[in-house]
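The sequence shown runs -18 to -1, 1 to 109 under mature numbering (1 follows the signal peptide of the UniProt record, and there is no 0). A virtual CB, placed ideally from N, CA and C, is assigned to each residue, including glycine. Notes to accompany the following structure.
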Amino acid sequence: MKKIYAGLLVTFASHAMAFDIDPRCNLPEQLCELQLKFEASDQELNDVYQHIMSHIESDYFAASMVDKKEIKDSLIKSERAWLAFLKQNCNAVRVLNSGGSGKNEDETECLIDMTNQRIHFLKETYR
């Protein structure tokens, strides 16, 4: 079951730090940097999600007087819906910019931005 939860999330983070680009990255430097930010955000979102799940399991939200299974199920459904929206929304950004040379960067920036927004939402909602 935990594999399902971990597999639900695709995430990204925008950090104000320098990233060491993997010399094996066969993409333009800017896209390699964005990919590293994407991976960092992905990890942060997964960490936040797992933290929330552990809070649910430990009855952290008992004061809400809602069954923890219901909270857990609603979060899983919400995350699945958000992931589908993320994919379609950032694909639309890519299509819109497909005539230019920066379409991949634009799509990856969309993924990073939306993931960071999701991280913020989850932290605020499930605190």
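My output table needs one value for residue i: the three-state DSSP class, helix, strand or coil.
i: D41; result: coil
i: L96; result: According to the sequence as given, residue 96 is Met; it is not Leu. Correct three-state label for M96: helix.
i: M47; result: coil
i: S83; result: coil
Rounding to the nearest angstrom, what Cα-Cα distance links residue i and residue j in this structure?
i: F67; j: L78; result: 16 Å
i: I34; j: N71; result: 25 Å
i: Q12; j: S40; result: 42 Å
i: residue 116; j: N86; result: The first residue shown for the chain is -18 and the last is 109, placing residue 116 beyond what the model contains.
Comparing alpha-carbon positions, which option in the options lies nearest residue i?
i: residue 162; options: R62, L16, Q32 and K85; result: Beyond the ends of the chain as shown, which are -18 and 109, falls residue 162; an answer cannot be given.
i: L57; options: E11, R100, P10 and L13; result: R100
i: V75; options: C92, S83, P10 and L13; result: C92
i: Q25; options: E106, F103 and N98; result: N98
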